[in-house]
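Peer 1:
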Amino acid sequence: MEAKGYLQEVGAQVSADFVKNRSILSFEEYLSLFFTDPRGQSRNAAQYLRDVMDHYGTEQVPHPTGTIRRFKVFDAPSTEHDGRVAGQEEVQNALYRILGNFVRAGRINKLIMLHGPNGSAKSSLVNALKQGMEDYSRQPQGALYRIAWVFPSEKLIKGSIGFGERPGAKSTEGELTTYAHLDAEDLDLRMPCELRDHPLFAVPPAERKALLEGALKKKGLGNGDGATGDFILSDYVRDGELCAKCRRIYTALLNSYGGDYLKVLRHVQVERFYVSRRYQVGTVTVEPQMSVDAAAQQISADRTQLNLPAALHSTVLFEPHGPLVHANRGLIEYADLLKRPLEAFKYLLGFSETSEVPLEPFVLQLDEVLIASSNEKHLAAFKELPDFASFKGRIELVRVPYLRRYKVEQEIYDAQITATSVGKHVAPHATEVAAMWAVLTRLKKPIPDRYPANVKPLVDQVAPVEKLHLYQEGGVPARLSSSNTKELLKLREEMYEESDAYPNYEGRSGASAREIKTALFNAAQNPDYKCLHALAVLEELHALCKDKSVYEFLLQEVMDGYHDHETFVRVVEGGYLDRVDSEVRDSMGLVSEGQYRELVERYIQSVSHWVRGEKMRNRVTGESEKPDEARMAEVEAIVMPQGEAPPDFRRGLIASIGAHRLDNPDGAMDYPRIFPDMFKRLRDHYFEERKRVLRKNKENVLKYLSEDRNQLSAREQSQVQDTLKTMADRYGYCEFCAKDAILFLMRQRYT
């Protein structure tokens with residue numbers, strides 16, 4: 001394609017997009033747009049941000065408390081880059097609730113303070129909202145408009161150039177009705193509003209209120225008071241006024257035209273703007289600094305403004321600037337707010353309540369959501385200051401703890417630790433073992449005294465790794481009887497929320513995701529492994545545990561196994577061995593999962609008839625007979641916990657199936673999911689009996705991956721190839737990490 005043709009094609013597309021997006025409007029054209037969508041054009045910043053969260057939708061996700069609503073805006077759907085927030089659904093719902101309070105109050109009257117340990121995703125949560133705002137502002141339903149003032153050249157006003165022939169630009173008397181669409185060469189000056197004043201501010205407040213209420217009623221939205229409809233008009237849109245500069249321009253023009261309001265509106269140009277983090281439009285991050293976050297400078301004395309029309313020559317104009325100004329009609333984030341000197345953010349006392357900031361020449365009226373972040377140490381110190389009493393009523397505190405579910409934690413690392421980022425294959429379980437160890441460092445021992453007397457001993461005996469699996473998948477220790485299993489599952493939610501009211505809550509201390517990512521990147525450089533291997537990660541975690549001068553959480557006192565971080569590495573290693581062992585066994589195909597499922601289904605069918613006292617049909621003879629006690633006892637000898645009576649165990653199984661049916665009335669019976677421990681015991685029993693065969697097969701795999709491949713027969717080589725293919729296809733192993741994993745497994749369990 002020729003350069004000229006390419007540029008013409010791009011130019012045509014840009015022009016089409018410009019027109020399609022209605023980027024420049026006259027005030028009359030904007031008013032028509034407003035009447036079409038009064039709700040969308042009457043939102044303040046809190047309503048807009050809430051609509052951003054609603055725009056991307058929600059879903060129900062599993063949670064230790066049952067299910068919880070997750071907002072998809074935190075999945076970063078608008079960007080290809082990593083920006084997804086793993087977990088933190090409690091924080092998402094808290095933010096949505098607070099925004100809802102602002103909407104109902106009609107104004108943003110508090111600062112939202114996200115507080116938690118370093119690296120707990122406070123900034124990531126805000127960044128996800130900003131990304132969502134950027135994308136939403138480019139959608140038709142998210143269009144935002146601001147006011148600007150345009151002044152045509154003197155020769156155009158005198159009519160020496162016939163641009164008045166443009167459709168809609170001339171009245172019936174031949175006079176220009178708007179200067180909004182004039183070309184740049186026909187304008188002497190264009191003055192945008194730095195505060196991005198709402199276009200409706202060009203309508204006087206009294207008339208504006210009637211305009212808003214009438215438009216909303218016509219669309220069936222009530223009159224904006226919330227009592228007669230869902231939509232609530234904010235104080236900002238209903239009562240807000242033009243900024244100081246725009247007000248002086250408006251007043252000067254009104255005086256110049258002898259009070260002719262329609263002639264003043266000819267100078268109003270309505271421009272669509274888009275939220276942008278890079279260019280600080282509608283969203284700004286303020287880092288810890290000493291200066292105040294807004295200022296003003298006089299522009300009418302600047303020689304660059306010599307083109308000011310005569311009507312403005314005697315008017316003193318000031319132009320505001322700074323983060324507060326750039327973020328107006330959007331969101332401002334104060335990163336690590338409490339690291340700043342108190343005097344630098346005392347203005348927030350008034351601003352968070354009144355949305356006004358006094359400057360030397362005038363008062364800024366702003367419409368923006370204020371979100372700050374702080375770590376727990378700085379917040380604790382702030383609470384000790386006398387000034388905290390003044391701030392307390394103007395701050396909404398939202399706790400952002402470390403994650404306590406390792407599968408959710410693993411999502412963070414899986415997104416960022418990839419073959420591209422580390423330069424080599426990422427072996428199975430490398431990020432999983434890191435996530436498990438990280439979560440174990442964050443768990444606190446349950447407090448038995450908070451629970452009824454009959455379950456105190458049960459709670460007191462919950463080990464860290466048992467609590468880890470209880471939180472993640474509702475897993476319970478195999479050592480427990482059926483009755484204790486049910487009791488512990490009932491306590492899952494209470495245990496998860498046990499320390500929420502405590503200053504030293506669960507998830508406040510432990511390894512941060514940042515520290516774990518550093519360990520993973522270090523492990524990727526281990527020269528002993530061709531992949532980023534789980535074994536390299538375990539070695540790195542062992543090394544990390546020795547550096548107690550750097551990592552404060554390593555200094556915690558060990559309490560009944562909790563905070564024993566070095567032991568946690570060995571615990572995670574044991575879990576890793578279990579997984580590798582299971583995956584290698586499965587890949588060898590000695591017994592299919594379907595055979596286990598068939599055995600369990602036959603057993604449960606017998607138990608079901610036994611519990612109901614019914615006979616069942618013999619599949620061989622066709623006769624009706626009592627359930628086979630001997631066959632049930634044979635299975636129970638493998639799968640039943642020690643010390644439990646068979647009748648109690650059988651009734652417990654049927655009760656679990658009944659509970660599953662209540663929760664999943666239309667779903668098929670998924671026995672491996674309902675009884676994972678039963679399937680695990682069956683697998684372990686089978687392979688324990690065939691350990692010799694297993695050892696031989698694993699030795700063959702190692703020989704195949706070494707120089708001794710020729711020692712294997714053609715049949716043995718074929719079996720190994722099938723095993724390796726299954727390990728690759730089903731679990732993601734390459735030959736290098738498979739060899740390392742099997743070699744480690746052989747040393748630890750098959751010698």
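Quick note, in UniProt numbering, the sequence shown goes up one by one and the last residue is 751.
Virtual Cβ for every residue (Gly too), placed ideally from N, Cα, C.
With H, G and I counted as helix, E and B as strand and the rest as coil, what does DSSP make of M746?
Peer 2: Helix at M746.
Peer 1: With DSSP run on the structure shown, which of helix, strand or coil describes A148?
Peer 2: Residue state, collapsed to three classes: strand.
Peer 1: Looking only at DSSP bridge pairs, what is G66 linked to?
Peer 2: In DSSP, G66 forms a bridge with H63.
Peer 1: How big is the Cα-Cα spacing for R673 and K703?
Peer 2: When rounded, the distance between both Cα atoms is 36 Å.
Peer 1: Between the Cα of E566 and the Cα atoms of Q139, S483, L189 and L541, which residue gives the shortest distance?
Peer 2: The shortest C-alpha separation from E566 is found at L541.
Peer 1: Residue 754 by DSSP, collapsed to three states: which one?
Peer 2: The structure shown does not extend to residue 754, since the chain is modelled only from 1 to 751, so the question has no answer here.
Peer 1: Here's a check: name, in chain order, each residue in its chain whose Cβ is nearer than 7 Å to the Cβ of A128, leaving out the five neighbours to either side.
Peer 2: Correct list, in chain order: V73, F74, A76, G83 and V85.
Peer 1: Note down the Cα distance separating K346 from P361, rounded to an integer number of angstroms.
Peer 2: About 20 Å.
Peer 1: DSSP state of A372, grouped into three classes?
Peer 2: In the structure shown, A372 sits in a strand (DSSP, three-state: E or B).
Peer 1: Taking one C-beta from the segment 325 to 333 and one from the segment 370 to 381 each time, how about it: are there three or more such pairs within less than 8 Å?
Peer 2: Result yes; three or more Cβ-Cβ pairs closer than 8 Å.
Peer 1: Less than 8 Å between the beta carbons of V400 and H63, yes or no?
Peer 2: Going by C-beta atoms, V400 is not nearer than 8 Å to H63.
Peer 1: Since I believe L25 is in contact with A180 (beta carbons under 8 Å), could you give me their beta-carbon distance rounded to a whole number of angstroms?
Peer 2: About 7 Å separates the two Cβ atoms, so the contact holds.
Peer 1: Any contact between the segment 552 to 567 and the segment 436 to 444? By contact I mean 3 or more CB pairs, one from each, below 8 Å.
Peer 2: They touch, by the three-pair rule.
Peer 1: Can you tell me the Cα-Cα spacing of F679 and K339, whole angstroms?
Peer 2: Computed Cα separation, rounded: 53 Å.
Peer 1: Given E569, which residues of its chain have a CB within under 8 Å of its CB, disregarding the five upstream and five downstream residues?
Peer 2: Residue 569 is actually Val in this sequence, not Glu. Counting only Cβ-Cβ distances below 8 Å, and skipping sequence neighbours, we find W437, L538, L541, H542 and C545.
Peer 1: In the DSSP assignment, what are the bridge partners of T58?
Peer 2: DSSP, once it has assigned bridges, lists F71 as partnering T58.
Peer 1: Taking Cβ positions, are P117 and N504 nearer each other than 8 Å?
Peer 2: Contact: no.
Peer 1: What is the DSSP secondary structure of D260, reduced to helix, strand or coil?
Peer 2: D260: coil per DSSP, three-state reduction.
Peer 1: What distance in whole Å lies between the Cβ atoms of Y471 and Y496, which are believed to be in contact at a cut-off of 8 Å?
Peer 2: Rounded, the Cβ-Cβ distance is 6 Å, consistent with contact.
Peer 1: Here's a check: name, in chain order, each residue in its chain whose Cβ is nearer than 7 Å to the Cβ of T67, leaving out the five neighbours to either side.
Peer 2: Q60 and V61, listed in sequence order.
Peer 1: Please classify Y279: is it buried, with 16 or more other beta-carbons within 10 angstroms of its beta-carbon, or exposed?
Peer 2: Label assigned to Y279: exposed.
Peer 1: Rounded to whole angstroms, what's the CA-CA distance from S234 to M53? Just pull it up for me.
Peer 2: Approximately 19 Å, taken between the alpha carbons.
Peer 1: Alpha carbon to alpha carbon, how far is E494 from D581? Give it in angstroms, no decimals.
Peer 2: Their Cα atoms are separated by approximately 34 Å.
Peer 1: Please check the pair V275 and M133, which I expect to be a contact at CB under 8 Å, by giving their CB distance rounded to whole angstroms.
Peer 2: Confirmed, about 4 Å.
Peer 1: Assuming Y402 contacts S512 (C-beta within less than 8 Å), just tell me the rounded distance between them.
Peer 2: The pair is a contact, with the Cβ atoms about 7 Å apart (cut-off 8 Å).
Peer 1: Going straight from the alpha carbon of V571 to that of L468, what length do you get?
Peer 2: Whole-angstrom Cα-Cα distance: 11 Å.
Peer 1: Does V275 have its Cβ less than 8 Å from a Cβ in chain C?
Peer 2: Among the chains of the structure shown, chain C does not appear; only one protein chain is present.
Peer 1: Can the beta-carbon of L216 be found less than 8 Å from the beta-carbon of F231?
Peer 2: Yes, Cβ-Cβ distance for L216 and F231 is below 8 Å.
Peer 1: Let me know the beta strand (DSSP E) ranges lying completely inside the segment 112 to 150, each 3 residues or longer, listed in chain order.
Peer 2: With a minimum length of 3 residues, no continuous beta strand (DSSP E) run stays inside the segment 112 to 150.
Peer 1: If we require 3 or more residues per run, which beta strand (DSSP E) segments fall completely within the segment 307 to 395?
Peer 2: For the segment 307 to 395, whole beta strand (DSSP E) runs of length 3 or above, ordered along the chain, are 318 to 321, 331 to 334, 356 to 358, 363 to 365 and 369 to 374.
Peer 1: Buried or exposed: S509, going by 16 or more other Cβ atoms within 10 Å of its Cβ?
Peer 2: Per the 10 Å Cβ criterion, buried.
Peer 1: Tell me which same chain residues have a C-beta within less than 7 Å of the C-beta of S482, skipping the five on either side of it?
Peer 2: Cβ neighbours of S482 beyond the five flanking positions: E644, D648, F649 and G652.
Peer 1: If you draw a straight line from the C-alpha of N223 to the C-alpha of R238, how long is it?
Peer 2: Straight-line Cα distance between these residues: approximately 11 Å.
Peer 1: Would you list the residues sitting across from I24 in a DSSP beta bridge?
Peer 2: E271, per the DSSP bridge assignment.
Peer 1: DSSP on S624, reduced to helix/strand/coil?
Peer 2: Strand at S624.
Peer 1: Do you know how far the Cα of K725 is from the Cα of Y733?
Peer 2: About 9 Å.
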